[in-house]
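Report on the structure given below.
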Ligand SMILES: Nc1ncnc2c1ncn2[C@@H]1O[C@H](COP(=O)(O)OP(=O)(O)O)[C@@H](O)[C@H]1O
Ligand SMILES: [Mg+2]
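Residue numbers (my numbering), protein chains in the order written: chain A, 99 to 431; chain B, 1285 to 1640; chain C, 191 to 425.
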């Protein structure tokens, strides 16, 4: 990771620069450009929340957690349910102030995500470490089951967020355009998280163990470190962060049974194009894909390419893989 | 798992198979006799209407044959070569669309369109497999899984919005000759599907027991070792994915003809999950497993689809929780039943033998 | 017998369906160096890995301090006070030298207590402390790998072919370091270079086709040219 390849840096600059240039040309004013940029960063941060767990878990445990999208979805549903009246969890009595209720709803979502994460790792994945292919198959199955359970609890009708609360409704003006403070807040939170996780990986003992485990799991064990515990911790954290993503996305995107799949696919594109197991690659890849999707959304307005934004991450992925088969920062063999 | 050559006659070695085959050939007539219905349907004027128990059960088995072909192709790749795909629906759906496009969107006459469509569909499936394989198979296994999933989903999303093929609605196939049209002649289509399923089985059995098949299985057990023995494992994996893609395409063609409709749902993740699940439940890397898995799960599905489960005062429509049940079976199968029906049976047999 | 820190008794180890060790016995007396000798592919590495629990033996006993550790998890075995230096210099290439040492701490402050000793043995490492392991030369990587096993208080060190592919000067330095280690802990060493091994070790065990057909004092082996010729193919 320390020896970042020159060609991958150039590729990153070219792609991000190109995206920003297209966004700029395509928008007629600085204000519109700013909106596209903010929307791209917003989506990029949500993607990061799904992709970071995916990437670190893969690097450390060789498990590609296909259920990561389902954790995002669970986060969205729990936060929605906790914030709104009725449903499984009704907090409107206990915390009447919606501005106060929202952080509680988010925390609740994170806790549920973490709990489900522990259950999956301890209960289901652990017996299968000797058979990695089956782990892949298992997480795939778990994703299906989680989606079905959610349909069973919350039905298949999508929920759109109706609760009004302060941050979500507030705007600020710049270049004659109204920008959503909430999006800015999510972007800020994402950036803080990117830095926090980077610090955790760089400075703490557990971070050193994780990075060492990505390289050589057996050697870490031989030093007297119980990697199983580290696995559980990392896996749980990954699931909790994905649930956090779903929870903070819900005020804008609502809760639906397809929301997880969409983010999972985009996150997979991010993880692969960033280079599997590389944290830097995941962070940069998230921003890249988020921007690309926002640019594509702009470009698709009023044209017949309605599908363009949804296939953009895959197109970007294919482009990057053709240039660098193991991703921007990756070592895939 | 080595295949020990047995010095018995072909007839003797395939005894069970021949009995089963005979039963399946006679099946429409047996059901017809048991339920007092005609395997040809009901005559109305000079046309045959496809009604009655025999005809209904023919459809069920046709669906089993299609799923069995799809699952056998999946198992060739996953079970015998150890390559996991999460986008098998890609081949299934691509073949359907190409065939449908040839029939409905070109000026060719029906016979030509069928031949051209079918050949193009199968060739393109092979090429698609080759391309995806070339991009990803050099890397770790998950790259292939991811890439197939991504490409399949991309096509799924794209076709769901492509106006030419009527986006999400898809389009109907109107132009099939009578003998290929299950709404006019179920019985001939039944035999077509049966023949293709049997040919697929024989082909895969032949392939798996050939030297090439031995290399496939060596790759599954330990690719580095296979490589150090001097095999170009990439070429073998490419071969396996091309064949699997083409066979999945055959299943897709049959599906289009059966439903006389083409739509994006043919590329949905369901057509990847089904063969995956059926392979695991039947027995990964066994010849009969996919058939048992496909038949077992599909028949259960048909049987339970419109039943209700009464728990005290609660009535649960099984159709509503069928996907959930399948998912739970899936997880249980992976964890506690990892060898599938056939593998577990073999282990059980081996244990019984050892005790004797 | 009682003064053996490690007693491997007739272990059988399988890798997949391959029966790799078919009855290996090794005894390591306290405070001395025992060397495993044998041709490539004989099963020396697998013996060390079996002791570490990385390829757990299916049968047989591994007594460390008189207690059977066969079947325990590798991390639990390491925590008993066994350090492992695998073959091919398995350091963490992406971690700095300092991080490579820090990760080996078993108690807080291990590294601080041992730093002087380690840098006295391997002065180069002090200079390279903030470089990623992957940037070190082969000899420096091997020193780091040994140093890493010295960070916690280990009573037994398993060292697999430390001299492989290194220049003679570096080998000298490493071997000097290893013989100093034996003053504070016992060592089970794998070494292909018979000359080096015979100078360093007090006991030998021959590994041949997954078995241990001969063992004894190294001095006796040095005298017995026929035995050396038979198992090692060198005179
Ligand atoms: N993962 C493995 N799969 C199959 N055989 C193995 C594996 N690892 C080692 N072996 C075999 O075990 C034997 C012993 O290997 P090893 O212990 O590495 O020998 P040594 O260290 O004495 O050179 C060799 O014949 C080797 O081919
Ligand atoms: Mg060795």
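Glycine included, each C-beta is placed from N, C-alpha and C at the ideal position.
Small disclaimer: the values here were computed from a predicted structure and weren't measured.
Separation of residue j from residue i, as counted between CA atoms
i: residue 315 of chain C; j: residue 259 of chain C; result: 33 Å
i: residue 1578 of chain B; j: residue 1561 of chain B; result: 9 Å
i: residue 219 of chain A; j: residue 240 of chain A; result: 11 Å
i: residue 230 of chain C; j: residue 1557 of chain B; result: 46 Å
i: residue 329 of chain A; j: residue 159 of chain A; result: 7 Å
i: residue 1330 of chain B; j: residue 1344 of chain B; result: 26 Å
i: residue 1352 of chain B; j: residue 1563 of chain B; result: 9 Å
i: residue 1472 of chain B; j: residue 1463 of chain B; result: 6 Å
i: residue 1231 of chain B; j: residue 1506 of chain B; result: Here chain B covers residues 1285 to 1640 and nothing more, so residue 1231 of chain B does not appear.
i: residue 250 of chain C; j: residue 240 of chain C; result: 11 Å
i: residue 430 of chain A; j: residue 161 of chain A; result: Its pLDDT being 49, under 50, residue 430 of chain A is placed unreliably in this model, and the value from its coordinates should be taken loosely. Rounded to whole angstroms, residue 430 of chain A to residue 161 of chain A spans 14 Å at the Cα level.
i: residue 196 of chain C; j: residue 252 of chain C; result: 7 Å
i: residue 326 of chain A; j: residue 167 of chain A; result: 23 Å
i: residue 1523 of chain B; j: residue 251 of chain A; result: 45 Å
i: residue 380 of chain C; j: residue 254 of chain C; result: 19 Å
i: residue 1394 of chain B; j: residue 1545 of chain B; result: 16 Å
i: residue 1326 of chain B; j: residue 1318 of chain B; result: 16 Å
i: residue 374 of chain A; j: residue 425 of chain A; result: 7 Å
i: residue 1475 of chain B; j: residue 1461 of chain B; result: 15 Å
i: residue 99 of chain A; j: residue 287 of chain A; result: With a pLDDT of 40 at residue 99 of chain A, under the threshold of 50, the modelled position of that residue is not reliable, and the figure given next carries that caveat. About 25 Å.
i: residue 1423 of chain B; j: residue 229 of chain A; result: 19 Å
i: residue 289 of chain A; j: residue 377 of chain A; result: 14 Å
i: residue 184 of chain A; j: residue 1586 of chain B; result: 37 Å
i: residue 323 of chain C; j: residue 298 of chain C; result: 22 Å
i: residue 206 of chain A; j: residue 176 of chain A; result: 7 Å
i: residue 1304 of chain B; j: residue 1574 of chain B; result: 15 Å
For residue i, the nearest candidate out of the options (CA to CA)
i: residue 163 of chain A; options: A/422, A/365 and A/404; result: A/365
i: residue 428 of chain A; options: A/313, A/273 and A/170; result: A/313
i: residue 139 of chain A; options: A/120, A/403 and A/384; result: A/384
i: residue 1643 of chain B; options: B/1543, B/1628 and B/1612; result: Since the displayed chain B opens at 1285 and closes at 1640, residue 1643 of chain B lies outside it and no answer follows.
i: residue 390 of chain C; options: C/414, C/400 and C/364; result: C/364
i: residue 374 of chain C; options: C/213, C/289, C/383 and C/340; result: C/340
i: residue 234 of chain A; options: B/1630, B/1335 and B/1370; result: B/1370
i: residue 300 of chain A; options: C/338, C/343 and C/289; result: C/289
i: residue 357 of chain C; options: C/301, C/383 and C/396; result: C/383
i: residue 1483 of chain B; options: B/1534, B/1634 and B/1540; result: B/1534
i: residue 285 of chain C; options: C/265, C/326 and C/312; result: C/326
i: residue 1413 of chain B; options: B/1612, B/1531, B/1630 and B/1605; result: B/1531
i: residue 215 of chain C; options: C/423, C/395, C/407 and C/419; result: C/395
Cross-chain neighbours of residue i in chain A, by beta carbon under 7 Å
i: residue 293 of chain C; result: 306, 307, 310 and 321
i: residue 1438 of chain B; result: 409 and 412
i: residue 1323 of chain B; result: Correct list: empty, because the minimum Cβ distance to chain A is about 37 Å.
Residues of its chain near residue i, where Cβ-Cβ distance is below 6 Å and the 5 sequence neighbours each way are ignored
i: residue 1400 of chain B; result: 1386
i: residue 1502 of chain B; result: 1510
i: residue 1571 of chain B; result: 1489
i: residue 169 of chain A; result: 211, 337, 340 and 341
Contacts of residue i in chain A (Cβ-Cβ under 8 Å)
i: residue 282 of chain C; result: 309, 310, 313, 314 and 317
i: residue 1309 of chain B; result: Result: empty, since nearest Cβ-Cβ is about 35 Å, beyond 8 Å.
Proximal residues of chain B, C-beta to C-beta of residue i below 7 Å
i: residue 419 of chain A; result: 1419
i: residue 239 of chain A; result: 1611, 1614, 1615 and 1618
Chain B contact residues for residue i, given Cβ-Cβ distances below 9 Å
i: residue 247 of chain A; result: 1608 and 1611
i: residue 109 of chain A; result: Correct list: empty, because the minimum Cβ distance to chain B is about 17 Å.
Cutoff 8 Å; reference residue i; Cβ partners in own chain excluding five residues on either side
i: residue 124 of chain A; result: 134, 393, 396 and 397
i: residue 212 of chain A; result: 334, 335, 337, 338 and 341
Proximal residues of chain A, C-beta to C-beta of residue i below 9 Å
i: residue 1427 of chain B; result: 370, 374, 419, 423, 424 and 430
i: residue 249 of chain C; result: The premise fails here: residue 249 of chain C is roughly 20 Å from chain A at the closest Cβ pair, so nothing lies under 9 Å.
Beta-carbon neighbours of residue i, restricted to chain B and to distances below 8 Å
i: residue 361 of chain A; result: In chain order: nothing, as chain B lies at least about 12 Å away.
Cut-off 7 Å between Cβ atoms - residues of its own chain near residue i, not counting five sequence neighbours on either side
i: residue 248 of chain C; result: 202, 203 and 204
i: residue 1548 of chain B; result: 1440, 1443, 1444, 1452 and 1454
i: residue 226 of chain A; result: 232, 233 and 236
i: residue 1242 of chain B; result: The displayed coordinates of chain B run from 1285 to 1640. Any statement about residue 1242 of chain B would go beyond what the structure contains.
i: residue 249 of chain A; result: 355
Partners in chain F for residue i, counting only beta-carbon separations shorter than 7 Å
i: residue 126 of chain A; result: In the displayed structure, chain F is absent; the protein chains listed are A, B and C.
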